[in-house]
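Only one structure is covered here, and it is reproduced in the block below.
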Amino acid sequence: MKTKARPKKNQKPTRSREAAKRTLGLNVEKIRKDFPILREKVHGKALVYLDNAATTQKPLAVIEALDQYYREYNSNIHRGLHLLSEKATAVYEAARIKAQKFLNAADSREIIFTRGTTEGINLVAQTWGRQNLIEGDEIILSAMEHHSNIVPWQMLCGERKTVLKVIPINDAGELMMEELKKLFTSKTKLLALTHVSNALGTVNPLAEIIQFAHSRGVKVLVDGAQAVPHLKVDVQALDCDFYVFSGHKIYGPTGIGVLYGKYKLLEEMPPYQGGGDMIASVTFEKTLFKKPPHKFEAGTPHIAGVIGLGAALDYMDKIGLENIAAHEHDLLVYGTAKLQSIPGLELIGTAQHKAGVLSFTLGEIHPHDIGTIFDRQGVAIRAGHHCAQPVMDRFQIPATARASFALYNTRAEIDALAKAIHKVQEVFA
Ligand SMILES: Cc1ncc(COP(=O)(O)O)c(C=O)c1O
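The opening residue of the sequence shown carries number 637 in my numbering; numbering runs sequentially from there.
As structure tokens, this is what we get:
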């Protein structure tokens, strides 16, 4: 009987060249070839794109899906009897089913296409919010929300005389869970919470929070803009009432997003906008609306955007969210250690459970200066308040520099980031 040869003592394990290129199941070099923009040069330097929380780059599969629609079957949907319209309608509605599967929603009618996360939240505020909230009712948010999950509720409070309450965060950038529980009263009607913070990277313990909110009869809207690129979301397991995200943050086009809502809630909500394609019948006396999701998709939608989003979801599905999450976690661990070893650098957002975001300050150097010097090195990051001014107020800083990862980033790019930080320190020495 043959036995496997054991490695000799002190012999280093050997890895094939192919295996060496792989990180935890992802062949990143191969993946990078799917993104034409990653071959671009910036100021004569290779592009190191670390601004993925702002928007991600697009794979060929998405670019080609858009190109194919406009070249081969461009037409309006749901109304034409001709072949092109039938094809566009079929591909558009197939994308709805892809989005349903992506979120594990129970029914494709629970998927509404919007312009993005911002529009999804405004839709819920202006429909469910106006229908259900009265003077004195309370909406709970957190101190780590993006402005798009603050301002729509503030606007509603101005009109409905409802009250906003804010869950505080600790020094690591985590929700203070005991404080959260204390905020709920008999007047609380809605909790609107981000799944992952764009400014800090914190991943919130949603399942536990949603269970608590529901035990108090409170509905929950989740801002998933920064979660869906990094972790597998299951809206049925979470049991959230609404979940919103943007296509452009998951390798899809801009101007398209998804609002998931439990069907019963959607059925009871009034429409957001009126117009064509959302009606069953119209007379000057009365209009009857279609059922969800069409009730919420007035007018000609962003057909190309939906088709591109469908291609992006297929692309992510092919790679596998578990693989993406593992790869990005490796980058986060590597990047955190690397940045923490740089004297004078302070990481803002050190939660135990984080997605691939590294926000930092460098003493007195303004993050805008950091961003500008980085740019000359070919390193693209975001500098500013990241549309989360309350987070900056909490940490008493005007802004941070933020590097955020996607599936195509590499450890070598994090090394380039660290090199760019040293360059900034040299300039300001
Ligand atoms: C957490 C979070 N919520 C909401 C948004 C708004 O997304 P959009 O501008 O695509 O509507 C963003 C965008 O950065 C975000 O990071």
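C-beta: ideal position from N, C-alpha, C; glycine also. None of these values were measured; they are calculated from a predicted model.
Cβ neighbours of C793 within its own chain (closer than 8 Å, five residues either side excluded): I775, V799, L800. Collapsing the DSSP output to three states places S851 in a helix. Distances taken from the Cβ of H782 to the heavy atoms of ligand 1 include one shorter than 7 Å. Check the Cα spacing between S711 and each of L901, G756, T725, V698: the tightest is with T725. Taking C-beta separations shorter than 6 Å and ignoring five residues to either side along the sequence, the partners of K734 in its chain run G946, L949, following chain order. Between R1012 and H679, the CB-CB gap stays under 8 Å. Within the same chain, and ignoring the five residues on either side of R751 in sequence, the residues whose Cβ sits closer than 8 Å to its Cβ are G891, I892, G893, H938. At least one heavy atom of ligand 1 lies less than 7 Å from the C-beta of Q862. If you draw a straight line from the Cα of D953 to the Cα of A835, it is about 26 Å long.
The beta carbon of H884 sits closer than 6 Å to those of T691, T890, all from its chain and outside the five residues before and after it, given in chain order. F932 and G860 have their C-alpha atoms some 20 Å from each other. Contact between D877 and G897 is confirmed by a C-beta separation of about 7 Å, below the 8 Å threshold.
Listed as beta-bridge partners of K801 by DSSP are I776. Secondary structure of S833 (DSSP, three-state): coil. The beta carbon of E815 is closer than 8 Å to those of I803, P804 in its chain, skipping five residues each way along the sequence.
Nearest Cα to S822 within the set I845, P865, G837, H850: H850. Residue environment: L759 is assigned as buried (16 or more neighbouring CB atoms within 10 Å of its CB, all protein chains considered). Classified as exposed, L924 has fewer than 16 neighbouring CB atoms from the shown chains inside 10 Å of its CB. The three-state reading of DSSP puts S721 in helix, counting H, G and I together.
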